[in-house]
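Below: the structure, in structure tokens.
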Amino acid sequence: MDAIYPELLDTSVSIFRCDADADVLRGFSATVRYTGDDDAEPREIGRLSGWLTREVYSDVADAGDALSADGMILGSAAQKLVDEHEGDRILDAVVMLDRATLEPEYRGQKLLGALVDDLLDVLQLEPTETIVVVFPESLPLVRGAPRPEGEERQVGLRKLSRALEASGFQQIDEEQPADDEAVTVWWRPFPD
Numbered sequence: 001m002d003a004i005y006p007e008l009l010d011t012s013v014s015i016f017r018c019d020a021d022a023d024v025l026r027g028f029s030a031t032v033r034y035t036g037d038d039d040a041e042p043r044e045i046g047r048l049s050g051w052l053t054r055e056v057y058s059d060v061a062d063a064g065d066a067l068s069a070d071g072m073i074l075g076s077a078a079q080k081l082v083d084e085h086e087g088d089r090i091l092d093a094v095v096m097l098d099r100a101t102l103e104p105e106y107r108g109q110k111l112l113g114a115l116v117d118d119l120l121d122v123l124q125l126e127p128t129e130t131i132v133v134v135f136p137e138s139l140p141l142v143r144g145a146p147r148p149e150g151e152e153r154q155v156g157l158r159k160l161s162r163a164l165e166a167s168g169f170q171q172i173d174e175e176q177p178a179d180d181e182a183v184t185v186w187w188r189p190f191p192d
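Note that this note's numbering gives residue 122 to position 122 of the sequence shown, counting from 1, and the numbers run on in steps of one.
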């Protein structure tokens with residue numbers, strides 16, 4: 001597979017209302033397509049989904065908790081970052097990535113950062129004013145549910161952690177609470 005040029009990504013986004021208890025959040029589903037030099041038509045290379053809000057100073061943690069376990073984890077992490085950065089910069093939006101997938105042949109090219117950049121561009125969100133959070137969950141190629149505990153899952157999580165680091169994400173120092181275990185949430189530091 002040839003290298004992907006980020007400037008040739010084309011992201012389309014569908015935005016929808018969430019549950020009334022999470023009214024400050026909007027759900028989104030994005031499809032990422034790519035048209036290389038040899039392509040007659042754009043081809044789908046990945047998908048992003050999650051939640052976003054421009055009401056940054058609302059209770060993002062509570063709204064995330066009203067959605068799902070994933071929403072609770074991401075909302076708590078986003079709220080922590082809002083509280084940490086309130087006052088030192090303008091904060092305009094929060095993007096909580098619940099799922100980010102690439103077709104297998106496009107993995108290993110450090111594309112997550114480029115996919116997030118294109119998503120923010122389509123949504124007209126300024127990267128220096130937007131908090132982006134995600135936590136890695138290794139998904140099998142079939143079914144889309146998390147892999148069960150065990151060595152295969154741990155190997156997948158290590159790969160995802162390396163991919164996040166390569167794409168410019170950093171772990172949030174504090175682990176976030178989940179049902180019976182702690183999950184490490186990652187965020188993309190603001191560009192200078």
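In this text, a Cβ means the ideal position worked out from N, Cα and C, and glycines have one as well.
- At the C-beta level, threonine 130 and aspartate 88 stay beyond 8 Å of one another.
- Three or more beta-carbon pairs separated by less than 8 Å are not found between the segment 56-74 and the segment 112-122, which leaves the two stretches without contact.
- At least 8 Å separates the beta-carbon of isoleucine 15 from that of tyrosine 34.
- Boundaries of the beta strand (DSSP E) around glycine 50: 43-53.
- A residue is called buried when at least 16 other Cβ atoms come within 10 angstroms of its Cβ; serine 12 does not meet this threshold and is exposed.
- For aspartate 19, the three-state secondary structure derived from DSSP is coil.
- Assignment of threonine 31 by DSSP, reduced to helix, strand and coil, places it in the strand class.
- Every beta strand (DSSP E) of 3 residues or more that sits fully in the segment 87-172 is shown, in chain order, as 93-102 and 130-134.
- With respect to the 8 Å criterion, alanine 30 and leucine 112 are not classified as neighbours on the basis of their beta carbons.
- The beta-carbon separation of leucine 8 and glycine 36, rounded to 7 Å, stays under the 8 Å limit for a contact.
- For leucine 81, the enclosing alpha helix (DSSP H) starts and ends at 69-85.
- Using a 10 angstroms sphere on the CB of threonine 53, the tally of other CB atoms reaches 16 or more, which defines it as buried.
- One alpha carbon belongs to aspartate 192, the other to threonine 128, and they sit about 7 Å apart.
- Nearest neighbour of valine 185 by Cα position, chosen from Asp2, Asp21, Asp118 and Leu81, turns out to be Leu81.
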